[in-house]
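**Q** Residue numbers (the numbering used here), protein chains in the order written: chain L, 56 to 451; chain D, 3 to 144.
Idealized CB from N, CA, C, for every residue including glycine.
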Ligand SMILES: [Zn+2]
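Encoded structure:
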């Protein structure tokens, strides 16, 4: 049995390559979320930071770094690292503190200043680190895995590169409407097809870039929200941070082999599907009730996979969903109304928080040209390296 | 660098090496020597076991851009894309990723095609050659 918490405030620093410190971005996003909530920083009882990691050591530890930048005021502080799921774990930690009665009002912040080009592991000779190994032994970059998934979809479900391009076209059109997005220009299927192949069959415009960016939330107990004059706030009803179950049979970042399923029968559900199932179960809500979804479109083909894993369509039907326009703004189930990572780029500790910012604004009905009419229920889906699940259900 | 991942043998006898739990029979690759990762197993002795020589293509892709370090490549040489193949081993019921043998392109592959493991060269300098494993479509000459 779970209980709601309120999203009282949401804020971002616009994403892009700004050449400044992640601390600056996070502080801008935090102040924006506090202003949105109408909460004074000194009244925040706990701060949770999603960690930015460079060179295998965070350097700054996020929670305290943001607390110091905003001005030490004695709040409870937490820092979490779960790669791309860091933001969801930060929200999860904040929520647990609120539901446990340890804090009434919590600030969650994630921010990054991304390096150029491919993500790469920390230096040194570290053969005990699977992330280091996949680069050293195979040269298997993140896009290589996205290429494997895309090719597998083509073989299993008959997806085409045009189907993949349709995802980019949809997300770019939505990103063009979002002032926080890094890329704000519509693209065509022809432009995707004309971009260079990175990892066959995926092209440059099929794969998300890296970015600077920040996102923040002010989360509170329902009681605090009511006392604060917010009678009907956006509520978080579920946070899923599950691991896979053994044996994991889908090759996943950063591993170079799956578990063996010869001795233990695998679950009928993939890891990605189990992330969503845990969120739905906790929320007591099914996919048919979802008004919109923000999914982790590291590649266009991966977005199609999420449609199926979120239960927005049946297995193998993802391409048909985008082909029929069902996931566009006016479709049955709009996906990535923010523009997605296709328009934002990856700012690792911020992206799962940014997804919840988008749900918040959509559920408040303040998204202007990219507003989903009558949005009541939203779900996010995301995934962190090394088996970190990440999904959030928000309702109004 | 990755000691004990494959045999020293060449030709037909070249094999990937994993480990098998004596208690639950689960096979691990890359080799797991410290603990059994089956949650229903209290743990058994892990002993070395050769993996199937052949499997079927689960998926494949290529690297059109030079990967960052620690992948070793000569920054002065023109980039030659290589192919990555994920291969499903039927007996072990597991997928193992590897580079394709030199000369194998994405157009030479299809999901479900049978491939076999062969010894290959990951990197070499004046003093040392680092061996690795490659996947090669069955029936293609060395
Ligand atoms: Zn065992």
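1. What does residue 139 of chain D pair with, by DSSP beta-bridge criteria?
2. Could you check if residue 134 of chain D belongs to the surroundings of ligand 1, using beta carbon to heavy atom distance under 7 Å?
3. Hey, out of D/89, D/72, D/13 and D/121, whose CA is closest to residue 178 of chain L's CA?
4. What do you get for residue 186 of chain L, buried or exposed, if any count of 16 or more other CB atoms within 10 angstroms of its CB means buried?
5. Quick check: the region 244-253 of chain L against the region 94-105 of chain L, are at least 3 beta-carbon pairs closer than 8 Å?
6. Go through the region 409-445 of chain L residue by residue and report every complete run of the beta strand (DSSP E) that reaches 3 residues or more, in order.
7. Would you identify the three-state DSSP class for residue 166 of chain L, choosing helix, strand or coil?
8. Kindly indicate if chain D contains any beta-carbon less than 8 Å away from that of residue 56 of chain L.
9. List the residues of chain D that residue 187 of chain L touches, going by C-beta distances under 7 Å, in chain order.
10. Any beta-carbon of chain D closer than 8 Å to the one on residue 442 of chain L?
11. Leaving out five residues before and five after residue 147 of chain L in sequence, what residues of the same chain have Cβ atoms less than 6 Å from its Cβ?
12. Can you give me the C-alpha to C-alpha distance between residue 443 of chain L and residue 385 of chain L, rounded to a whole angstrom?
13. In the DSSP assignment, find the unbroken beta strand (DSSP E) run with residue 142 of chain L in it and report its ends.
14. When we look at the beta-carbon of residue 112 of chain D and count the other beta-carbons within 10 Å, is it buried (16 or more) or exposed?
15. Strictly under 8 Å for the Cβ-Cβ distance: is residue 298 of chain L near chain D by that measure?
16. Please name the residues in the region 306-324 of chain L whose beta-carbon is closer than 9 Å to at least one beta-carbon of chain D, in chain order.
17. Is the Cβ of residue 145 of chain D closer than 8 Å to any Cβ of chain L?
18. Let me see if you follow: with CB-CB separation under 8 Å, is residue 194 of chain L close to chain D or not?
19. Specify, as a first and last residue, the run of the beta strand (DSSP E) that residue 62 of chain D falls within.
20. Which residue or residues does DSSP assign as beta-bridge partners of residue 354 of chain L?
21. Is the shortest distance between the beta-carbon of residue 49 of chain D and the beta-carbons of chain L less than 8 Å?
22. Does residue 56 of chain L come out as helix, strand or coil in the three-state DSSP assignment?
23. Taking C-beta pairs closer than 7 Å, name the residues in chain D that residue 253 of chain L reaches, listed in chain order.
24. Could you please give the first and the last residue of the uninterrupted beta strand (DSSP E) stretch that includes residue 294 of chain L?
25. How should residue 240 of chain L be labelled, buried or exposed, when 16 other C-beta atoms within 10 angstroms of its C-beta is the threshold for buried?
26. Between the Cα of residue 136 of chain L and those of L/122, L/316 and L/116, spot the shortest distance and give me the residue it belongs to.
27. Are any of the Cβ atoms in chain L nearer than 8 Å to that of residue 95 of chain D?
28. Measure from the C-beta of residue 400 of chain L to each C-beta in chain D and report whether the shortest distance is under 8 Å.
29. If you reduce the DSSP assignment to three classes, tell me which class residue 2 of chain D lands in.
30. Run through DSSP, which three-state label would residue 301 of chain L get?
31. With DSSP as the reference, label residue 70 of chain L as helix, strand or coil.
32. Can you tell me where the alpha helix (DSSP H) with residue 396 of chain L in it begins and where it stops?
33. To test your reading of the DSSP string, which unbroken alpha helix (DSSP H) runs of 4 or more residues are found completely within the region 201-234 of chain L?
34. Counting contacts by CB-CB distance shorter than 8 Å, is residue 234 of chain L in contact with chain D?
35. Applying the 10 Å Cβ sphere with the 16-neighbour rule, what's the burial state of residue 199 of chain L?
36. In chain order, what residues of the region 379-403 of chain L put their CB closer than 7 Å to some CB of chain D?
**A** Concretely, from the data shown:
1. Counted from its first residue, the second chain places residue 139 of chain D at position 137. Answer is D/117.
2. By 1-based counting over the second chain, the position of residue 134 of chain D is 132. Result no, Cβ not under 7 Å from ligand 1.
3. Stepping through the first chain from its first residue, residue 178 of chain L is reached at position 123. Minimum Cα distance to residue 178 of chain L is reached at D/72.
4. For the purposes of this step, residue 186 of chain L is taken as residue 131 along the first chain, with counting starting at 1. Label assigned to residue 186 of chain L: buried.
5. Judged by Cβ distances under 8 Å, the region 94-105 of chain L makes no contact with the region 244-253 of chain L, as fewer than three pairs qualify.
6. Segments of the beta strand (DSSP E) lying fully in the region 409-445 of chain L: 432-439.
7. As a position in the first chain, residue 166 of chain L is number 111, starting the count at 1. The answer is strand: DSSP assigns residue 166 of chain L an E or B state.
8. The sequence position of residue 56 of chain L within the first chain is 1, counting from 1. With a pLDDT of 42 at residue 56 of chain L, under the threshold of 50, the modelled position of this residue cannot be trusted, and the question is left open.
9. Mapped onto the first chain, residue 187 of chain L falls at position 132. Result: 72.
10. Here residue 442 of chain L is taken as the residue at index 387 of the first chain, counted from 1. Closer than 8 Å: no.
11. In the first chain, residue 147 of chain L corresponds to position 92, counting from 1. If we look at residue 147 of chain L and ignore the five residues flanking it on each side, its Cβ neighbours are 294 and 296.
12. Translated into the one-based positions of the first chain, residue 443 of chain L becomes position 388. Translated into the one-based positions of the first chain, residue 385 of chain L becomes position 330. When rounded, the distance between both Cα atoms is 32 Å.
13. By 1-based counting over the first chain, the position of residue 142 of chain L is 87. Element bounds for residue 142 of chain L: not the beta strand (DSSP E) but the alpha helix (DSSP H), 141-154.
14. Within the second chain, the letter at position 110 stands for residue 112 of chain D. Sixteen is the threshold: since fewer than 16 other Cβ atoms of the shown chains lie within 10 Å of the Cβ of residue 112 of chain D, the residue is exposed.
15. As a working mapping, residue 298 of chain L is identified with position 243 in the first chain. No, residue 298 of chain L lies away from the interface with chain D (no Cβ there is under 8 Å from its Cβ).
16. Result list: 306, 310, 311, 312, 313, 314, 315, 316, 317, 318, 319 and 321.
17. Residue 145 of chain D lies beyond the range of chain D shown here (3 to 144); nothing can be said about it.
18. Stepping through the first chain from its first residue, residue 194 of chain L is reached at position 139. Residue 194 of chain L counts as touching chain D.
19. Within the second chain, the letter at position 60 stands for residue 62 of chain D. Residue 62 of chain D -> beta strand (DSSP E) spans 56-64.
20. Numbered from 1 along the first chain, position 299 holds the residue referred to as residue 354 of chain L. Looking at the DSSP assignment, residue 354 of chain L forms a beta bridge with L/262.
21. As a working note, residue 49 of chain D is residue 47 in the second chain. So no, residue 49 of chain D is outside the interface.
22. Start at 1 with the first residue of the first chain, and residue 56 of chain L comes out as number 1. Annotation note: pLDDT 42 at residue 56 of chain L (below 50); position unreliable, coordinate value reported separately. Taken through DSSP and simplified to helix, strand or coil, residue 56 of chain L comes out as coil.
23. Taking the first residue of the first chain as position 1, residue 253 of chain L is located at position 198. Under a criterion of Cβ atoms nearer than 7 Å, the residues of chain D adjacent to residue 253 of chain L are, in order, 66 and 67.
24. Position 239 of the first chain holds residue 294 of chain L. Per DSSP, the continuous beta strand (DSSP E) segment holding residue 294 of chain L begins and ends at 289-295.
25. In the first chain, counting from the first residue as 1, residue 240 of chain L sits at position 185. Residue 240 of chain L is exposed by the Cβ-count criterion.
26. Position 81 of the first chain, counted from the start, is the residue given in the question as residue 136 of chain L. Taking each of L/122, L/316 and L/116 in turn and checking the Cα distance to residue 136 of chain L, the smallest one comes out for L/116.
27. To locate residue 95 of chain D, count along the second chain from 1; it is residue 93. So, interface residue.
28. For the purposes of this step, residue 400 of chain L is identified with residue 345 of the first chain, where counting begins at 1. Contact of residue 400 of chain L with chain D is not assigned, every C-beta pair being separated by 8 Å or more.
29. Nothing about residue 2 of chain D can be reported from this structure: the residues present for chain D run from 3 to 144 only.
30. Within the first chain, residue 301 of chain L is the residue found at index 246, counting from 1. Three-state result, residue 301 of chain L: coil.
31. Sequence index remark: in the first chain, residue 70 of chain L carries index 15 (1-based). Reduced to three states, the DSSP call for residue 70 of chain L is strand.
32. Walking along the first chain from the start, residue 396 of chain L turns up at place 341. Where residue 396 of chain L is concerned, the enclosing alpha helix (DSSP H) stretches over 395-399.
33. Taking only runs of at least 4 residues, the alpha helix (DSSP H) segments lying wholly in the region 201-234 of chain L are 216-230.
34. Reading the first chain from its first residue, position 179 is the one you call residue 234 of chain L. Output row for residue 234 of chain L: interface = no.
35. For this step, residue 199 of chain L is matched to residue 144 along the first chain. Buried, since its Cβ has 16 or more Cβ neighbours within 10 Å.
36. Answer set for the region 379-403 of chain L: empty.
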